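Structure first, commentary second.
Residue numbers (this note's numbering): 67 to 471.
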């Protein structure tokens, strides 16, 4: 029986502890007064903990080919079986898994309870600042507590959502053992713009198609609800494109977001939309532009689109020439805002970057540099889309580690 220390009592650490405790003496060292603090705020407190669609395309890394080899069907099935053993009954919406209680605390509490019933010891309010390896043993905080273990699992999170205790200490601990750290950047985060009209559209929510362009090249596209803010934009579709923003900001590249505010007309040509609006206007002859269009666009947004297309709300659609109509429609379906940055780590749900996958045995999660050292979850250079993917990677990496350590 080996003595195993797990640094961090979050999603991956708790999962690894439950599996490892079947054969070993396991202790979790958690810097907070409770475990799973980040779990409890995920999904706005509802915890979207898994997704039926586990395509590798939903996960990102600087080593995509290595990452592809991480996934296999038995592992995905094991995650679902694992939550059954925890007593979590899923509420599934369009492939998104939530606890039926719709409370994230249900996930956290059952993980902690299962770990304790397996004999895992949890030490709270304990900060691990240094780990040494001497003569095949690990010494935690050698100048203070001097705790001795046979194996160590680093599961202490990234730098996202610092209020949960994620301050990046895991990167330091891994780096002390010689691991390369790909610079962490905030992802699944809001984006910032310097457009002049942001205060005017603040508070608008609507369905859109969002496209990210770097130096005029389309990088990715997402469909979903956007939240327009006084600093830029938010919403799941924005979060999913944000991972590509920060590194290009550093490179001083031109970054634009193109917003289609008419997503239901995605497959229509500009002329077809003009014809549709012509027919609408003929039925509403007495209406001006504001009155005819406010049933299609939120009022604040309509005001901005009219302004940006050089139209006045008192005008009548039928009196516009084809060029003026085309200009309005193209502005509505391809509204461009410049992007200057993202918000910081405090607002991010995840981080890109981390410990390079080249240095990890992805079948066991063991370090290739240091025997009996394991690295999991957010510490690694892996980040997922919104939709339960970052937690999904935490469960999967925790299971692999716990079974193989």
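Just so it is clear, CB atoms sit at the ideal spot from N, CA and C, and this is done for glycine as well.
Here the structure is a predicted model, which is why all the values come from computation and not from measurement.
Would you mind working out which of 96, 169, 130 sits nearest residue 189, comparing C-alpha positions? 96
Is residue 155 buried or exposed, if buried means 16 or more other CB atoms sit within 10 Å of its CB? Classification for residue 155: exposed.
When you compare each of 430, 432, 215, 270 to residue 365 by their alpha carbons, which one comes out closest? 270
Run through the DSSP bridge pairs and tell me what residue 300 is partnered with. 293
Taking 8 Å as the threshold (C-beta atoms), are residue 280 and residue 290 in contact? no
Only counting the same chain, and skipping five residues up and downstream in sequence, which positions put a Cβ closer than 6 Å to that of residue 120? 142
Any idea which residues DSSP pairs residue 169 with across the strands? Looking at the DSSP assignment, residue 169 forms no beta bridge with any residue, so it has no partner.
Helix, strand or coil at residue 174 according to DSSP, with G and I counted as helix: helix
For residue 354, I'd like the list of residues in its chain whose CB is within less than 8 Å of its CB, leaving aside the five on either flank, ordered along the chain. 379, 380, 381, 382
Nearest to residue 306 by CA position, among 113, 452, 107, is which residue? 452
Mind checking who residue 433 pairs with in its DSSP beta bridge? 426
Within a Cβ cutoff of 6 Å, which residues of the same chain sit near residue 475, ignoring the five residues on either side of it in sequence? Here the chain comprises residues numbered 67 to 471, so residue 475 is not present and cannot be evaluated.
In the DSSP output, which residue or residues are listed as bridge partners for residue 418? When DSSP reads this structure, residue 418 sits in a beta bridge with 251.
Do residue 396 and residue 336 come within 8 Å of each other at the CB atom, strictly closer than that value? yes
Tell me the start and end of each unbroken beta strand (DSSP E) in the segment 155-232 that is at least 3 residues and wholly inside, in chain order. 156-159, 162-165, 187-189, 197-200, 203-206, 213-215, 217-220
Can you give the beta carbon distance from residue 464 to residue 116, rounded, assuming they're within the 8 Å contact cut? With 8 Å as the limit, residue 464 and residue 116 do not qualify as a contact, their Cβ atoms being about 13 Å apart.
In angstroms with no decimal places, state the Cα-to-Cα distance between residue 295 and residue 191. 37 Å
Best match in 249, 390, 376, 236 for proximity to residue 128 [C-alpha to C-alpha]: 249
Would you list the one or two residues that DSSP bridges to residue 287? 277
Check whether the Cβ atoms of residue 266 and residue 406 lie closer than 8 Å to each other. no
Spatial neighbours of residue 137 in its chain, beta-carbon cut-off 6 Å, leaving aside the 5 residues before and after: 122
Could you spell out the range, first to last residue, of the alpha helix (DSSP H) harbouring residue 359? Residue 359: member of the alpha helix (DSSP H) spanning 355-359, first to last residue.
Please name the residue or residues paired with residue 350 in a DSSP beta bridge. DSSP lists no partner for residue 350.
Is the segment 319-337 close to the segment 384-404, with three or more CB pairs under 8 Å? yes
Between which two residues does the beta strand (DSSP E) holding residue 115 run? Segment: none, residue 115 is in no beta strand (DSSP E) and carries neither H nor E.
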